[in-house]
Amino acid sequence: QVQLRESGGGLVQTGGSLRLSCAASGSIARLSSMGWYRQAPGKERELVARISYDDGITYYTDSVKGRFTISGDNSKTTVTLQMNSLKPEDTGVYYCNAESDYVLYWGQGTQVTVSS
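Count along the sequence shown starting at 1, add 12, and that's the number in this note's numbering.
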């Protein structure tokens, strides 16, 4: 089992910045990737950004490219999402995600609200 603890989030005005962090614990020896999903009211959960610990490759959904940056620490157990130039459409609950041995684990979610 992998446990994920998220921090960050909150309320910010359009154009502002927020930083989300997620720390993994438990059975972390075989973590292959970590990332962030978000779910806006009335919409499906979508992948925002992900980093692969196998090859270091990062992925961003088109709407956040150039504004968000995902990074992992050397221990490969913490992932950070730096969100700049935030827009109202970035509002939603952000969930940390980790994959280990083809099993997906989820954090409890943290609210990000961008006011116009």
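All C-beta atoms, glycine included, are put in the ideal place defined by N, C-alpha and C.
- Query: So what's S75 in DSSP terms, helix, strand or just coil?
  - Reply: Taking the sequence shown and counting its residues from 1, the one referred to as residue 75 is at position 63. Correct three-state label for S75: helix.
- Indicate whether L43 and L98 have their beta-carbon atoms separated by less than 8 Å. Taking the first residue of the sequence shown as 1, we reach residue 43 at position 31. Taking the first residue of the sequence shown as 1, we reach residue 98 at position 86. Cβ distance not < 8 Å, so L43 and L98 don't count as in contact.
- Message: According to DSSP, simplified to helix, strand and coil, what is E111?
- Response: Within the sequence shown, the letter at position 99 stands for residue 111. E111: strand per DSSP, three-state reduction.
- Message: Measuring only the C-alpha atoms, how far is I82 from L93?
- Response: Stepping through the sequence shown from its first residue, residue 82 is reached at position 70. Stepping through the sequence shown from its first residue, residue 93 is reached at position 81. Rounded to whole angstroms, I82 to L93 spans 5 Å at the Cα level.
- Item | Status (buried if at least 16 other CB within 10 Å, exposed otherwise) for L116 | Here residue 116 is taken as the residue at index 104 of the sequence shown, counted from 1. Exposed.
- Identify whether E101 lies in helix, strand or coil by the three-state DSSP scheme. The residue labelled residue 101 in the question sits at position 89 within the sequence shown. Three-state DSSP puts E101 in a helix.
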